[in-house]
Amino acid sequence: MISAIRGTHDILPGEVERWQGLERVTRELCACYGFRELRTPIIEREELFAKGTGQTTDIVQKEMYTFEDKGGERVTLRPEATPSMVRAFFEHALEQRLPAAKVFSLGPMFRYERPQKGRYRQFHQLDVEVFGEPGASLDAEMIEMASSLVSSLGIESSDIVINSVGCESCRSQFNQALLDALGNKLDQLCPDCQRRAKTNPLRIYDCKVLSDQPIIDELPHSVDHLCADCNNHFCEVRTYLDAYELDYRVSHRLVRGLDYYTRTTFEVLGEQLGAQNALLGGGRYDGLVRQLGGPSREGIGFAAGLERLVLAMPEEVEGRGVDVFIVALGENTKKQAHVLARDLRQQGLVTLIDYNVRSLRAQMKRADRTSARAAIILGDDELSRGEVTIKFMETGEQTTVARTDILQQLSQ
Ligand code: HAM
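Heads up: the sequence shown begins at 28 in our numbering, then just goes up one per residue.
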């Protein structure tokens with residue numbers, strides 16, 4: 028058999044119900060916060076991510092599924108949703124059409140990463156974005172929403188981490204401060220960090236190489252190098268978080284692996300997820316819309332990895348069980364049994380039926396195996412009287428009722 032591609036996975040019956048539960052909770056939550064759904068294509072111009080996600084990111088440098096299509100255009104399977112959401116929002120002037128500039132999306136993303144538990148090459152994200160709102164109260168609302176998402180899925184233990192990476196002007200000063208602090212220790216760092224020092228020194232904080240850590244631990248923190256406006260903004264975010272009575276911690280290492288962030292960054296980490304423990308991550312990106320050729324609008328959002336949420340969710344969400352198994356006795360009743368199955372399905376009952384002519388015993392055995400709540404037995408006699416026999420599988424109790432009374436009988 029041809030097998031699935033490495034890093035991709037099938038979502039099997041049994042798991043699918045957990046996904047549906049997750050999607051339902053997610054959509055309801057987004058609606059409550061005033062978000063409207065926006066679905067964008069999986070495939071976009073390479074340029075959108077090169078400019079949006081950023082040239083210095085691992086995503087753009089190493090992980091994108093990019094190819095030339097038959098028309099000679101360079102196209103990319105989206106590695107994240109944010110640039111697409113920005114593009115679509117402003118391409119369709121949604122600002123004028125929606126009550127609030129808040130949009131969300133659910134769907135697959137593609138990154139050529141090394142697969143491991145919680146990390147895949149095709150994975151799914153809930154992505155939420157808000158445009159044109161500079162106020163710190165929104166940053167706090169997004170963090171609170173992220174926290175509510177996690178808790179409304181029944182995930183009890185999680186850790187909210189925040190930071191501020193400043194704006195364009197304080198960032199460049201901070202980058203210089205990082206380089207000054209590194210001084211001649213730079214050549215003791217790994218080759219990736221040496222490259223980061225040239226392209227985006229802040230990203231040195233992403234480094235996982237053990238031998239680099241003692242040097243990185245001594246580096247300055249972005250929150251100590253914020254300009255007055257960014258500092259006020261960050262303090263205000265924190266006062267709102269306190270008003271929500273949210274438990275959070277500030278981590279100077281939370282610089283996030285994408286180029287567009289300004290000011291607030293945040294992640295919610297799950298416990299017991301292992302190395303890939305970020306359930307979701309996001310932040311403010313006040314320059315991105317403009318950078319992609321849109322108007323001067325601020326932006327903020329986050330994306331949650333649905334695979335990771337499913338892994339962290341408690342077990343209990345289950346699929347719908349079978350309500351009825353129809354047992355037809357003899358060729359003659361078979362067609363009527365199928366018509367009955369259609370009628371019961373139209374009334375909302377999960378109904379299964381045997382497609383072959385088998386003995387009563389064989390069919391009852393199948394009914395038992397499906398864990399149906401009841402078997403409906405239809406023989407020639409019942410058919411001629413417009414009746415059926417209902418057998419409740421758990422108690423073995425059996426009763427004969429008019430065909431029109433089945434639903435009423437089953438709901439007792
Ligand atoms: P990100 O941190 O790259 O941010 O991804 C967000 C979340 O997607 C992660 O926290 C993780 O749960 C999940 N994720 C990422 N990569 C993988 C993978 N290979 N396998 C499984 N799950 C994964 C973004 O994508 C930004 N667009 C978030 C954002 C929205 N910022 C502002 N608006």
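Quick reminder that beta carbons are idealized off the backbone N, C-alpha and C, glycines included.
Placement of the Cβ of Thr-67 at a distance of 6 Å or more from every heavy atom of the ligand HAM is found.
Using a Cβ distance threshold of 7 Å, Gln-152 and Phe-137 do not count as a contacting pair.
Excluding its 5 nearest sequence neighbours in each direction, Ile-170 has C-beta neighbours in its own chain below 6 Å: Phe-293, listed in chain order. Comparing alpha-carbon positions, the option among Asp-432, Leu-209, Thr-431 and Ile-353 lying closest to Ala-368 turns out to be Ile-353. Put simply, the backbone Cα of Ala-108 is about 10 Å away from that of Pro-68.
A check of alpha carbon separations from Lys-144 across Leu-65, Ala-305 and Gln-436 identifies Ala-305 as the nearest. In the DSSP secondary-structure assignment, Asp-154 is bridged to Ser-132 and Ala-330. The beta carbon of Gly-332 sits closer than 6 Å to at least one heavy atom of the ligand HAM. For secondary structure counted as the beta strand (DSSP E) over 3 or more consecutive residues, the segment 37-116 holds these complete runs in sequence order: 70-72, 92-95 and 101-104. In the same chain as Pro-135, and ignoring 5 residues on each side of it, the C-beta atoms closer than 6 Å to its own belong to Gln-149 and His-151, in chain order. Under the three-pair Cβ rule at 8 Å, the segment 40-57 counts as touching the segment 175-186.
With 16 or more other Cβ atoms from the protein chains shown falling within 10 Å of its own Cβ, His-260 counts as buried. Approximately 4 Å separates the beta-carbon atoms of Gly-159 and Arg-324; this is inside 8 Å, confirming the contact.
Closer than 6 Å to some heavy atom of the ligand HAM: that does not describe the Cβ of Glu-122. In the three-state scheme derived from DSSP, where H, G and I count as helix and E and B as strand, Leu-121 is classed as helix. For Ala-270, the enclosing alpha helix (DSSP H) starts and ends at 255-270. Under the three-state reduction of DSSP output, Thr-431 falls in the helix class.
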